[in-house]
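One structure below.
Protein chains: 2
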Amino acid sequence: MRAKSVTLKDLARELGLSKSTVSRALRGHPKVKVETKIAVKALAEAWGYEPDLVARSLVQRQSFTIGVVIPRIEFPYFAMALGGAQEVASKAGYNLVICQSNESYEIERSVIRTLVSSKVDGLLISITGQTTAYDHMEDIHKHRLPIVLFDRILEGDVFPMVSMDNVRGALIATEHLLTQGYRRIAHIAGPPDLFVSRQRIQGYRQALQNWDIPFREEYLVSSGFRMNNGEEAMKKLLDLDQPPDAVLAVSDNAALGAKKVIEAEGFTIPDQIGLIGFNGEPLSKVVRPSLTTVSLPMAEMGRVSVKLLLKHIVYPAEPRPHEMIILPPQLLVRESSLKPEQV
Amino acid sequence: MRAKSVTLKDLARELGLSKSTVSRALRGHPKVKVETKIAVKALAEAWGYEPDLVARSLVQRQSFTIGVVIPRIEFPYFAMALGGAQEVASKAGYNLVICQSNESYEIERSVIRTLVSSKVDGLLISITGQTTAYDHMEDIHKHRLPIVLFDRILEGDVFPMVSMDNVRGALIATEHLLTQGYRRIAHIAGPPDLFVSRQRIQGYRQALQNWDIPFREEYLVSSGFRMNNGEEAMKKLLDLDQPPDAVLAVSDNAALGAKKVIEAEGFTIPDQIGLIGFNGEPLSKVVRPSLTTVSLPMAEMGRVSVKLLLKHIVYPAEPRPHEMIILPPQLLVRESSLKPEQV
DNA sequence: GGCCGAAATGGGAACGGTTGCAATGTATTT
DNA sequence: AAATACATTGCAACCGTTCCCATTTCGGCC
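Dropping the structure here:
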């Protein structure tokens, strides 16, 4: 229970005006006399009046708040996107309410419900690895609440989305390895339910096909984004009769896990095994050998997502085709994928 | 402008009850007949009623929202704290509204004002490098709005705080270098206005004093937390007539910047120059040589800060002494500070 | 059957703003 | 001087809850 702050009514009483006039004066309504405006603003300033945004959002039915749901805040990957999102949002006068789903479908469902109850003006969601359908978002549609999915998305054209061209990212990375002369290329993939995982697998297979290299089932290991996922997957790969001579990992962390195992087993990078990660995290630049990585412009993705969402918030009625913005990844070639010339 | 959702009034009309009764039934008020409760809850469920949290916070004068202000979301350092904070907050039924001040005093001032207007129940703040006084937070005190400062704090006993024992962190790091046999130890320090910078300097000087090593002005370089800060500072240090044989940097990033310069100049780590960073970021483990670092439990700091804030929110009246929670840092000894035995 | 107290429900004023419309005051026109 | 237009301001409803207080209902008891 807070201490009472100055309200419109207080100002009105002091000035001998009605609260409507005071309200209008403060917001610069044209129908208020200039002297009145000046007097009102002066008193408001002197008394430190600040409008109660809760009351305002109740009557205006908009809160200038955007709800954001991501799997985890502390993943630099998402934190970067948050930074970009925050930047654009606050420029437009919006605040961000940020929730993490902890990769749990149940939590995701619950925080979305809370955010809707809190009357956010729109939702920005990156789904969990467990989320395989949109059913928990359906009633949002009924509420006409604008929603944008970003990064972690599902197939379908229900919601506007912002994503990376993951197919292309994996494709250029794999082709780069092929160009370098690697031929037995494995892929440490992400959680199989995630669309991004499947897209990267698709790009990987596409590249092999372009080069007429047969796809080998045992070179595709489903795993996860974390370092220990990469370690486990790499162990499996090295246990094969014919281990790969290059690896494309689904994240930089997974790549570093793989790197650890590769080096522990006495192989050298990039001579014996080439390695490429995904995400372009700062880490990749400072390890030795430095890690070639598919860099994803996450801050840009955050910015673009909020811009798209704001468009839907500001012009809600406009019928528009299904929107899908796809950002280009960029291959940062570093040491870990540069195969020395064959002698 | 949203589509209308189901309200108490709708339910009341349908059931032939008053909205007071419906409201009480849904919240399990004891004075409502059991059958009524069941009927109300059934209809609420069927119609997908969700209470409007905005209206509720207007009348209850609490929003179950905590405002967080940090310099930058995307710094892993703060992102970790956010993760811990979110965890505790959501367990207690609170949401986090997160704003970044971008290291600007003006933005900090403005977002705090907005958060107060939004009637958050409490504030969690880590100040900018420009913030040298509390004046913009004074009126919060008048509003009786609980506030907790964390990590980046100012001296004083106005607000409860959660911080690291930075003095001790710098002290054990420096003493570790001394134990290893390094004698010309430099310190790449943070922005001079920040309390944490000054604390780390204090710990560094304390260690030198404990070992009767004279403090040398030219070995203390004011800098910043970023990688390029570390680079510039290190260049200055290497330009000295007698360059240092070990460096304690104010952050892991600054340390990596220093490392780059050290290696570019042909020195080896840890043989010729020992190096220690601050923060315990994931980076530090994967570089070669791996980086000794003063690890700060940021997630824990986030958790503790929210817990403290919640205590002030729930029991606001209780007079209590000035609270200051100090978390212990931990020295993670890795390769970069292990001086080989002298021959 | 009337009375009493408890149990259950309803009425209505908040909370702090916004907003359509009515009411007042002032200046201009005929 | 009356009519008209326009500039200001006020009234009151509303947004969706909560909660105090009054009212109704009901069962038990004499």
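For the protein sequence lines, the chains are A and B, in the order given.
As numbered in my numbering, the first sequence has no gaps in its residue numbers, which increase by one up to the final residue, 1164.
As numbered in my numbering, the second sequence has no gaps in its residue numbers, which increase by one up to the final residue, 1164.
For each residue, glycine too, the CB sits at the ideal point set by N, CA and C.
All figures in this text were calculated on a predicted structure; none of them were measured in a lab.
Residue i versus chain B: which residues are under 8 Å apart at the beta carbon?
| i | result |
| --- | --- |
| Lys940/A | Arg823, Asp873, Leu874 and Val875 |
| Ser878/A | Val875 |
| Arg1109/A | Val1108 and Arg1109 |
| Leu917/A | Val918, Ile919 and Cys920 |
| Asp831/A | Here the premise fails: no neighbours, minimum Cβ distance about 15 Å. |
Smallest Cα separation from residue i: which of the options?
| i | options | result |
| --- | --- | --- |
| Leu992/A | Asn1031/A, Asn1049/A and Gly837/A | Asn1031/A |
| Val875/B | Tyr1025/A, His1143/A and Leu936/A | Leu936/A |
| Pro1110/B | Asp960/B, Ala1007/B and Leu1077/B | Leu1077/B |
| Leu903/B | Gly905/A, Gln1001/A and Phe896/A | Phe896/A |
| Leu961/B | Gln1093/B, Val1115/B, Ser938/B and Pro1161/B | Reading off the sequence, residue 961/B comes out as Ile, not Leu. Taking only the C-alpha atoms, the option nearest Ile961/B is Ser938/B. |
| Val1108/B | Arg1124/B, Asn1074/B, Phe1088/B and Asp1092/B | Asn1074/B |
| Pro1103/A | Gly849/A, Gln1093/A and Leu1153/A | Leu1153/A |
What residues match up with residue i in a beta bridge as DSSP calls it?
| i | result |
| --- | --- |
| Thr1113/A | Ile1097/A |
| Ala1007/B | Val1068/B |
| Ser984/B | Ile1147/B |
| Gly869/A | The partner list for Gly869/A (beta bridge, DSSP) is empty, contrary to what the question assumes. |
| Thr886/B | Asn916/B |
| Phe971/B | Val983/B |
| Ile946/A | Val890/A and Leu970/A |
| Val1042/A | Ile1009/A |
| Gln921/B | Ile891/B |
| Leu1152/A | Val1115/A |
Tell me the rounded alpha-carbon separation between residue i and residue j.
| i | j | result |
| --- | --- | --- |
| Cys920/B | Leu864/A | 29 Å |
| Thr1113/B | Leu1059/A | 31 Å |
| Glu871/A | Val827/A | 7 Å |
| Ile1090/B | Arg1047/A | 29 Å |
| Gln1151/B | Met1122/B | 14 Å |
| Ala778/B | Asp873/B | The question about residue 778/B has no answer, for chain B in this structure spans 822 to 1164. |
| Gly914/A | Thr842/A | 25 Å |
| Ala1010/B | Ala900/A | 26 Å |
| Lys1056/B | Glu1038/B | 16 Å |
| Arg877/B | Leu879/A | 10 Å |
| Met1145/B | Phe1016/B | 14 Å |
| His1025/A | Glu1139/A | The identity of residue 1025/A in the sequence shown is Tyr, whereas the question assumes His. Distance between the alpha carbons of Tyr1025/A and Glu1139/A is about 39 Å. |
| Tyr926/B | Ala954/B | 10 Å |
| Lys1160/B | Pro1065/B | 14 Å |
| Met1119/B | Asn1100/B | 9 Å |
| Val1068/A | His1008/A | 6 Å |
| Asp986/B | Ala994/A | 45 Å |
| Met822/A | Gly990/B | With a pLDDT of 48 at Met822/A, under the threshold of 50, the modelled position of this residue cannot be trusted; read the value that follows with caution. Spanning the two alpha carbons is a distance of roughly 39 Å. |
| Ser1116/A | Arg1155/A | 12 Å |
| Met958/B | His1143/B | 17 Å |
| Val853/A | Gly869/A | 21 Å |
| Lys1132/A | Leu1041/A | 40 Å |
| Phe971/B | Pro981/B | 9 Å |
| Gln1020/B | Val979/B | 19 Å |
| Lys1081/B | Glu1053/B | 11 Å |
What does residue i touch in chain B if you count any residue whose Cβ is under 7 Å from its own?
| i | result |
| --- | --- |
| Ser826/A | His964 |
| Val937/A | Glu871 |
| Leu1077/A | Val1107 |
| Asp1066/A | Within chain B, no residue comes near Asp1066/A; the closest Cβ sits about 23 Å away, beyond 7 Å. |
Return yes when the Cβ of residue j is within less than 7 Å of the Cβ of residue i, no when it is not.
| i | j | result |
| --- | --- | --- |
| Ser844/B | Leu832/B | no |
| Gly1051/A | Ala1085/A | no |
| Val890/A | Ile946/A | yes |
| Pro892/B | Ser922/B | yes |
| Ile948/B | Arg973/B | yes |
| Gly950/A | Glu976/A | no |
| Val918/A | Gly888/A | yes |
| Leu1129/A | Val969/A | yes |
| Val983/B | Ser1126/B | yes |
Run through chain A and tell me which residues come within less than 7 Å of residue i, C-beta to C-beta.
| i | result |
| --- | --- |
| Ser884/B | Val875 |
| Met901/B | Glu895 |
| Arg934/B | Glu871 |
| Pro1140/B | By Cβ distance, chain A contributes nothing, its closest Cβ being about 16 Å from Pro1140/B, past 7 Å. |
Which chain A residues sit within Cβ distance under 8 Å of residue i?
| i | result |
| --- | --- |
| Gln907/B | Ile894, Ile919, Cys920 and Gln921 |
| Gly904/B | Arg893, Ile894, Glu895 and Gln921 |
| Leu1190/B | Lying before the first or after the last residue shown, residue 1190/B is absent from chain B, which here runs from 822 to 1164. |
Which residues in chain B have a C-beta closer than 9 Å to the C-beta of residue i? List them in chain order.
| i | result |
| --- | --- |
| Pro851/A | In chain order: nothing, as chain B lies at least about 23 Å away. |
Would the beta-carbon of residue i be found less than 6 Å away from any heavy atom of the ligand NAD?
| i | result |
| --- | --- |
| Thr995/A | For the ligand NAD, the structure offers nothing, since it holds no ligand at all. |
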